[in-house]
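Student: Sending over a structure as structure tokens; questions will come in a sec.
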Ligand SMILES: Cc1ncc(COP(=O)(O)O)c(C=O)c1O
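Protein chains in written order, with the numbering used here: chain A, 32 to 183; chain B, 848 to 1233.
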């Protein structure tokens, strides 16, 4: 069901944890659906020096978080914003179709972390941030229509 | 690598004695049971021996036992069969919210065909509400179908009381005993059961064979049409090896039932008490008394079941979970939700089901790895502030 790469990443995930004084933090998903991803980034001179995650979720959720943080480390913010969920899937040598939403969550978590970074910088308006980071208006679970209770 | 199999509610390993009983029917006695020559007659005789063995432990007549291709098929035959044969009497069926899909989905399909279905709730411990059942009965009710033991949380339903209620109102009573058969002594006559489904692979017989007990005098429209096998109730050349295996497994299960159950239950109690001692933030799901001896179902807060299973699998441990990711749907187990658990808690459930071949070493190996894996996943979880 899972590729060797996915198995490698959920059994030995990279970049687990928090970053103290992170430049940006993004969280997506909800416990009702069974997955939450929280990404932390450290940005210096427009470059993502460090990226870590904490994830509640299935093997694919852990593997996509792990691989996504690996991909964006060392990239510029602009490059990181170009990351698509497909790249995450490809890097993992494929995901079962029922698990593709995990890669969408990983992409969204990164966008949220970068948006948080911009907000902390205080130089851009919310509208600009939304535009640049491609944030969706409705924050909802991408794979089900259960209401997001916001509970933690 | 060491393999520790603790998913015996999912399926079981074929018993060595069962295997030996089956082999002659693959090698020498391979005739079609409907054929008149000796190897056909011998196969037929083997089927009838198995039928007698099953009838005996259920306190039924051999002519009341019909072999099928699975537990699911037995449930379909029973529920659809009664619905189709007795729709003149009424169009209402009562079942529970925690049935296996074999019954639940069959009821849903009948709902589309115009039947009315009442799904009785269960309490927090997973036991159905008998008053709710009494109140649900109408003049239209033709069938009550309630499982004997639940496959996820192992809870045992008040079958005798249900049987009495059904009898009093002249309603047929089917019970899905797939999890109970082989572990619980069942007297269909004493319990007022009209139809009962069972399956071979839960009691150390092969997969792909089941049986239906159908009380004498009840009509049942055929679901599978074709030849006249199984006294014209179920078409298809009999699965001789499966049936022989089921017969042998039944005999073995009931020969040793007390000692096996005692051993299994001790291991289960040891497992649960150790988890309670060693791992914080857990919830044990389902009634602890009215329960199959080998079943445990525990939710580990702040983590998700599939990742737990995958990490246990790395250590060679086989178990299961009611998380959405393992149920193949978007929602976690309907059984755990019916207990009133939140989605989050249901996602973090682990079902460990102990079988006759498990040892204390198996449980210790599980416990050590579980403690480690749960902590690792919690450290990774944004919900956990340890
Ligand atoms: C309670 C219950 N009913 C029905 C079934 C279906 O049996 P089978 O796998 O033989 O179709 C199972 C097994 O998964 C079960 O646990």
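Just so it is clear, CB atoms sit at the ideal spot from N, CA and C, and this is done for glycine as well.
Mind checking if residue 183 of chain A is an interface residue toward chain B, Cβ cutoff 8 Å exclusive?
Tutor: Taking the first residue of the first chain as 1, we reach residue 183 of chain A at position 152. Residue placement at residue 183 of chain A cannot be trusted, given a pLDDT of 36 that sits under 50; what the coordinates show is reported in the next sentence. Yes, residue 183 of chain A counts as interfacial toward chain B.
Student: To the nearest angstrom, how far is it from the Cα of residue 850 of chain B to the Cα of residue 130 of chain A?
Tutor: Here residue 850 of chain B corresponds to residue number 3 of the second chain, with the count starting at 1. Here residue 130 of chain A corresponds to residue number 99 of the first chain, with the count starting at 1. Cα to Cα, the separation comes out at about 27 Å.
Student: Give me, in chain order, the residues of the same chain whose beta-carbon lies closer than 6 Å to that of residue 173 of chain A; leave out the 5 immediate sequence neighbours on both sides.
Tutor: Counting from 1 along the first chain, the entry for residue 173 of chain A is found at position 142. Model confidence at residue 173 of chain A stands at a pLDDT of 47, short of 50, so the residue's coordinates are unreliable; what they give is reported in the following sentence. These residues qualify, in order along the chain: 132, 135.
Student: Got a sec: does ligand 1 put a non-hydrogen atom nearer than 7 Å to the Cβ of residue 1234 of chain B?
Tutor: Beyond the ends of chain B as shown, which are 848 and 1233, falls residue 1234 of chain B; an answer cannot be given.
Student: How should residue 950 of chain B be labelled, buried or exposed, when 16 other C-beta atoms within 10 angstroms of its C-beta is the threshold for buried?
Tutor: Indexing the second chain from 1 puts residue 950 of chain B at position 103. Its Cβ being crowded by 16 or more others within 10 Å, residue 950 of chain B is buried.
Student: Would DSSP call residue 1032 of chain B helix, strand or coil?
Tutor: Here residue 1032 of chain B is taken as the residue at index 185 of the second chain, counted from 1. Reduced to three states, the DSSP call for residue 1032 of chain B is coil.
Student: Please list the residues of the region 1155 to 1186 of chain B that have a C-beta atom closer than 9 Å to any C-beta atom in chain A, keeping them in chain order.
Tutor: Listed by position, the residues of the region 1155 to 1186 of chain B near chain A (Cβ gap below 9 Å) are 1156, 1157, 1158, 1161, 1170, 1171, 1172, 1173, 1175, 1177, 1178, 1179.
Student: Drop a sphere of 10 angstroms on the beta-carbon of residue 128 of chain A, count the other beta-carbons inside from all chains shown, and report buried for 16 or more, exposed for fewer.
Tutor: By 1-based counting over the first chain, the position of residue 128 of chain A is 97. It is exposed - the Cβ of residue 128 of chain A has fewer than 16 other Cβ atoms within 10 Å.
Student: Of all the CB atoms in chain A, is at least one closer than 8 Å to the CB of residue 933 of chain B?
Tutor: On the second chain, position 86 is the one that residue 933 of chain B refers to. Judged by the 8 Å Cβ criterion, residue 933 of chain B is not in contact with chain A.
Student: Any heavy atom of ligand 1 closer than 7 Å to the beta-carbon of residue 32 of chain A?
Tutor: As a first step, residue 32 of chain A must be located in the first chain, where it is residue number 1. Checking the Cβ of residue 32 of chain A against ligand 1 gives no.
Student: Any heavy atom of ligand 1 closer than 7 Å to the beta-carbon of residue 1004 of chain B?
Tutor: Position 157 of the second chain, counted from the start, is the residue given in the question as residue 1004 of chain B. Flag unset: Cβ of residue 1004 of chain B not near ligand 1.
Student: What does DSSP give as the partner residues of residue 992 of chain B in its beta bridges?
Tutor: Within the second chain, residue 992 of chain B is the residue found at index 145, counting from 1. DSSP, once it has assigned bridges, lists B:942, B:1021 as partnering residue 992 of chain B.
Student: Below 7 Å CB to CB, which residues in the same chain sit around residue 867 of chain B once its five sequence neighbours on both sides are set aside?
Tutor: In the second chain, the residue the question calls residue 867 of chain B occupies position 20. Hits under 7 Å: none found.
Student: Should residue 1165 of chain B be counted as a contact of ligand 1 given a C-beta to heavy atom distance under 7 Å?
Tutor: As a first step, residue 1165 of chain B is located in the second chain; it is residue number 318 there, counting from the start. No.
Student: Closer than 7 Å, Cβ to Cβ, to anything on chain B: give me those residues from the region 69 to 103 of chain A, in chain order.
Tutor: Residues 69, 85, 86, 87, 88, 89, 90, 93.
Student: So residue 1125 of chain B and residue 1143 of chain B are supposed to be a Cβ contact under 8 Å. How far apart are they, rounded?
Tutor: Against the second chain, residue 1125 of chain B aligns to sequence position 278. Against the second chain, residue 1143 of chain B aligns to sequence position 296. About 14 Å separates the two Cβ atoms, so there is no contact after all.
Student: Less than 8 Å separating the beta-carbons of residue 90 of chain A and residue 1219 of chain B?
Tutor: For the purposes of this step, residue 90 of chain A is taken as residue 59 along the first chain, with counting starting at 1. For the purposes of this step, residue 1219 of chain B is taken as residue 372 along the second chain, with counting starting at 1. For residue 90 of chain A and residue 1219 of chain B, no; Cβs fall outside 8 Å.
Student: Distance, Cα to Cα, residue 153 of chain A vs residue 139 of chain A?
Tutor: What you label residue 153 of chain A is simply residue 122 of the first chain in a count that begins at 1. What you label residue 139 of chain A is simply residue 108 of the first chain in a count that begins at 1. Near 21 Å, if we compare the C-alpha coordinates of residue 139 of chain A and residue 153 of chain A.
Student: Which chain A residues sit within Cβ distance under 7 Å of residue 1005 of chain B?
Tutor: Here residue 1005 of chain B is taken as the residue at index 158 of the second chain, counted from 1. Per Cβ cutoff of 7 Å: no residues; residue 1005 of chain B is ~33 Å from chain A at best.
Student: Would you say residue 1168 of chain B and residue 1198 of chain B are within 8 Å of each other, going by their C-beta atoms?
Tutor: Against the second chain, residue 1168 of chain B aligns to sequence position 321. Against the second chain, residue 1198 of chain B aligns to sequence position 351. It is a contact, given that the beta carbons lie within the stated cut-off.
Student: So with Cβ pairs under 8 Å, would you call residue 54 of chain A a contact of chain B?
Tutor: The count along the first chain starts at 1 and reaches residue 54 of chain A at position 23. So, not an interface residue.
Student: Whose C-beta lies closer than 8 Å to the C-beta of residue 118 of chain A among residues of the same chain, with five residues either side of it excluded?
Tutor: Position 87 of the first chain, counting from 1, holds the residue named residue 118 of chain A. The answer, listed in chain order, is 102.
Student: What are the partner residues of residue 1045 of chain B, as DSSP defines its beta bridges?
Tutor: For the purposes of this step, residue 1045 of chain B is taken as the residue at position 198 of the second chain. DSSP, once it has assigned bridges, lists B:1058 as partnering residue 1045 of chain B.
Student: Identify the residues that DSSP records as bridge partners of residue 868 of chain B: which are they?
Tutor: Here residue 868 of chain B corresponds to residue number 21 of the second chain, with the count starting at 1. According to DSSP, residue 868 of chain B bridges with nothing at all.
Student: For residue 963 of chain B, collect the residues of the same chain with a Cβ closer than 8 Å to its Cβ; drop the 5 residues on either side in sequence, then sort them by chain order.
Tutor: One-based indexing of the second chain puts residue 963 of chain B at position 116. 938, 939, 940, 987.
Student: Can you tell me the Cα-Cα spacing of residue 1062 of chain B and residue 1069 of chain B, whole angstroms?
Tutor: Here residue 1062 of chain B is taken as the residue at index 215 of the second chain, counted from 1. Here residue 1069 of chain B is taken as the residue at index 222 of the second chain, counted from 1. The alpha-carbon atoms of residue 1062 of chain B and residue 1069 of chain B are separated by roughly 15 Å.
Student: Could you check where the alpha helix (DSSP H) with residue 855 of chain B kicks off and where it finishes?
Tutor: The count along the second chain starts at 1 and reaches residue 855 of chain B at position 8. Here residue 855 of chain B belongs to no alpha helix (DSSP H), and DSSP marks it neither H nor E.
Student: Name the chain B residues whose beta carbon is nearer than 8 Å to that of residue 145 of chain A?
Tutor: The count along the first chain starts at 1 and reaches residue 145 of chain A at position 114. Going along chain B, no residue has its Cβ under 8 Å from residue 145 of chain A, so there is no contact; the nearest lies around 18 Å.
Student: If you run the structure through DSSP and keep just helix, strand and coil, what is residue 82 of chain A?
Tutor: Reading the first chain from its first residue, position 51 is the one you call residue 82 of chain A. The answer is strand: DSSP assigns residue 82 of chain A an E or B state.
Student: Helix, strand or coil for residue 150 of chain A, going by three-state DSSP, please let me know.
Tutor: The residue you call residue 150 of chain A lines up with position 119 of the first chain. The answer is helix: DSSP assigns residue 150 of chain A an H, G or I state.
Student: So is residue 34 of chain A in contact with chain B if we call contact Cβ pairs under 8 Å?
Tutor: Start at 1 with the first residue of the first chain, and residue 34 of chain A comes out as number 3. No, residue 34 of chain A does not count as interfacial toward chain B.
Student: Please report how far the alpha carbon of residue 1025 of chain B lies from the alpha carbon of residue 995 of chain B, in whole angstroms.
Tutor: In the second chain, residue 1025 of chain B corresponds to position 178, counting from 1. In the second chain, residue 995 of chain B corresponds to position 148, counting from 1. Those two C-alpha atoms are separated by around 8 Å.
Student: Do you know whose CA, among A:93, A:106, A:99, lies nearest residue 116 of chain A's CA?
Tutor: On the first chain, residue 116 of chain A is found 85 positions in, with the first residue counted as 1. The residue with the shortest Cα to Cα distance from residue 116 of chain A is A:99.
Student: Is residue 71 of chain A helix, strand or coil by DSSP?
Tutor: By one-based count along the first chain, residue 71 of chain A stands at place 40. Residue 71 of chain A falls in the strand class under three-state DSSP.
Student: Return the first residue and the last residue of the beta strand (DSSP E) that residue 1146 of chain B is part of.
Tutor: To locate residue 1146 of chain B, count along the second chain from 1; it is residue 299. Taken as a continuous stretch (DSSP letters only), the beta strand (DSSP E) holding residue 1146 of chain B covers 1142 to 1147.
Student: If you follow the alpha helix (DSSP H) that residue 1101 of chain B is in, where does it begin and where does it stop?
Tutor: Start at 1 with the first residue of the second chain, and residue 1101 of chain B comes out as number 254. First-last of the alpha helix (DSSP H) with residue 1101 of chain B: 1087 to 1102.
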